[in-house]
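Here's the structure, in structure tokens; my notes come after.
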Amino acid sequence: MYIIVVGGGKVGYYLTKTLLVEGHEVLLIERDRHKVEVYGERLGSVVLAGDGAEAAVLSEAGAQRADVVIAVTGEDEDNLVVCQMSKAKFHVPRAIARVNNPKNELLFQRLGIDVTVSQTEHILKLIEQKIPEKSFVHLLNLRHDELTIVEAHVSEGSPVAHKRVANAQFPVHCVIAAIIRGPDPVIALPNTEILPGDELIIVTHSNEEEDLRRMLMES
Amino acid sequence: MNVIVMGCGRVGARVSIILDQHGHHVTVVDTNPEAFRRLGEKFKGDTLIGTGIDEDVLRRAGIESAHVFIAVTNGDNRNIMASQVARTVFEVEHVVVRIYDPVREDTYRRLGLRTVCPTTTISALIIDLINDVLPADEEL
């Protein structure tokens, strides 16, 4: 594939490097001549000096035969115009824009950009999906005898969901101090049913925190 | 009529002053508050500090009730993006955008924007002014 990358910041530089390693034909367009020199020494003759929003530069870069144009400058307006020019003037089949301001993601899609990449959104999603700690939060250490307080979110698939407090198989030294249900705290009596969506405030021995986490996270 | 002018340079300020004198309600948006000095004391419209590529700034400038949006900052790409926001998101009836680069101007005119390209317009005017004193190619 022939790929044109516009914008030689950190993202553009490492993207170009990676795509080259993967065996693609790549050209990086960067405005700053000094950067172009430095990158040229490191990457070989795959760097072109110029403004990627200018048709003459895109034409020199061979945009008419490019399979993909990726605009990753730090300015959303530049990324938008680079992609739109590539599509309208050079009929590039796929234009990808980096979105610096997450607010612009929808707009770019409405304006015909094929793919938008928002770093901010991406990192947020990663945190939400890949890091389980979000549903199990260490709140604080008590001074007394190595006790800690944690907050755990009960999901639909949690092993304690729909169980009564007395029947939920918590590690030995765990005490449910309170259940937060919607806006209200509920006292955890032995026959109180734990519901999905509940936040459990649990006091536990520090050395049982890991067991508790594992037990609550399995589904 | 409600008019939003983005960019308070020489052109932006002059357009704003003239439309203000014609009795229109003009809101001028610029990132640099110093630029508003160009509007002079008699200007009755509003000014707003911010960038016109931000939907929230445009909303505060009253774009939802604007009849006309004029993008005349120094950045072609900024003008292009702002005018597309005005047209696509807020459905402003009349959007005019200045684009210095003739190729970009041509491309976006074909995409349906109402464009002004000072580079081609002024070049044509200059050529026109000296045409009669210079012999044409074939006579040289």
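Protein chains in written order, with the working numbering: chain A, 1166 to 1384; chain B, 6 to 145.
Using N, Cα and C, we set each Cβ at its ideal position, and we do this for glycine too.
Min CB distance residue i to chain B below 9 Å
i         : result
A/Val1282 : no
A/Val1176 : no
A/Asp1241 : yes
A/Val1246 : yes
A/Cys1249 : Note that residue 1249 of chain A is Gln in the sequence shown, not Cys. Yes, because at least one Cβ of chain B sits closer than 9 Å to the Cβ of A/Gln1249.
A/Leu1213 : no
A/Glu1225 : no
A/Ala1221 : yes
A/Ala1260 : no
A/Lys1182 : no
A/Ala1228 : no
A/Ala1253 : yes
A/Arg1263 : no
A/Arg1266 : This sequence places Asn at residue 1266 of chain A; Arg is not what is there. Judged by the 9 Å Cβ criterion, A/Asn1266 is in contact with chain B.
A/Val1171 : no
A/Ala1218 : yes
A/Arg1275 : yes
CB contact below 9 Å: residue i versus chain A
i        : result
B/Asp137 : no
B/Ala66  : no
B/Val16  : no
B/Arg103 : no
B/Glu60  : yes
B/Asp51  : no
B/Asp35  : no
B/Val100 : no
B/Thr112 : yes
B/Ile22  : no
B/Met11  : no
Identity of the residue in the options nearest residue i by Cα
i         : options                                    : result
A/Cys1339 : A/Gly1209, A/Val1330, A/Ala1231            : A/Val1330
A/Leu1184 : A/Ile1344, A/Gly1347, A/Tyr1167            : A/Tyr1167
A/Asn1306 : A/Val1325, A/Asp1216, A/Ile1367, A/Leu1180 : A/Ile1367
B/Gly45   : B/Cys13, B/Ile135, B/Cys122                : B/Cys13
A/Gln1229 : A/Met1250, A/Asp1241, A/Val1302            : A/Met1250
B/His30   : B/Asn79, B/Arg19, B/Phe48, B/Val77         : B/Phe48
B/His27   : B/Pro38, B/Val16, B/Gly50, B/Arg43         : B/Gly50
B/Pro107  : B/Asn37, B/Ile127, B/Val100                : B/Ile127
B/Ile68   : B/Gly80, B/Ala129, B/Asn82, B/Gln89        : B/Gln89
B/Tyr105  : B/Ala18, B/Val33, B/Glu39, B/Cys122        : B/Cys122
A/Gln1284 : A/Ile1169, A/Val1176, A/Val1170, A/Pro1350 : A/Val1176
B/Gly117  : B/Thr124, B/Val100, B/Ile131, B/Asp133     : B/Val100
A/Glu1316 : A/Phe1335, A/Gly1239, A/Ile1341            : A/Ile1341
B/Phe41   : B/Val16, B/Glu60, B/Arg64, B/Arg65         : B/Val16
A/Asp1349 : A/Phe1273, A/Gly1277, A/Asp1363, A/Ala1221 : A/Asp1363
B/Gly55   : B/Asp137, B/Ile9, B/Leu139, B/Ser21        : B/Ile9
A/Gly1172 : A/Val1222, A/Pro1267, A/Glu1206            : A/Val1222
Beta-bridge pairing of residue i - partner residues as DSSP gives them
i         : result
B/Thr120  : B/Val102
A/Ala1221 : None; A/Ala1221 has no bridge partner.
B/Thr36   : Answer by DSSP bridge pairing: none, since B/Thr36 is not bridged.
A/Tyr1179 : None; A/Tyr1179 has no bridge partner.
A/Ser1283 : A/Val1264
A/Glu1190 : A/Tyr1167
A/Ile1341 : A/Ile1367
A/Arg1346 : A/Asp1349
A/Leu1312 : A/Leu1307, A/His1370
N-terminal and C-terminal residue of the beta strand (DSSP E) that residue i is part of
i         : result
A/Phe1301 : 1301-1307
B/Thr52   : 51-54
A/Arg1259 : 1259-1264
B/Ser70   : Segment: none, B/Ser70 is in no beta strand (DSSP E) and carries neither H nor E.
A/Asp1349 : 1349-1351
A/Leu1213 : 1212-1214
A/His1370 : 1364-1370
A/Val1233 : 1233-1236
Residue span of the alpha helix (DSSP H) that contains residue i, given as start and end
i         : result
B/Arg15   : 15-26
B/Pro107  : 107-115
B/Ala87   : 81-89
A/Asn1244 : 1241-1255
B/Asn7    : Taken as a continuous stretch (DSSP letters only), B/Asn7 belongs to no alpha helix (DSSP H), being part of the beta strand (DSSP E) at 7-11.
A/Glu1270 : 1269-1275
A/Gly1205 : 1198-1208
B/Leu63   : 60-65
Counting only Cβ-Cβ distances shorter than 9 Å, please list the residues of the segment 1313-1327 of chain A near chain B, keeping chain order. none
Check each residue of the segment 1364-1378 of chain A: if its Cβ is closer than 9 Å to any Cβ of chain B, include it; give the result in chain order. none
Along the segment 80-98 of chain B, where does the CB come closer than 9 Å to a CB of chain A? Name the residues. Gly80, Asp81, Asn82, Arg83, Asn84, Ile85, Met86, Ala87, Gln89, Val90, Thr93, Val94
Within 9 Å of chain A by C-beta, residues of the segment 113-131 of chain B in sequence order: Tyr113, Arg115, Leu116
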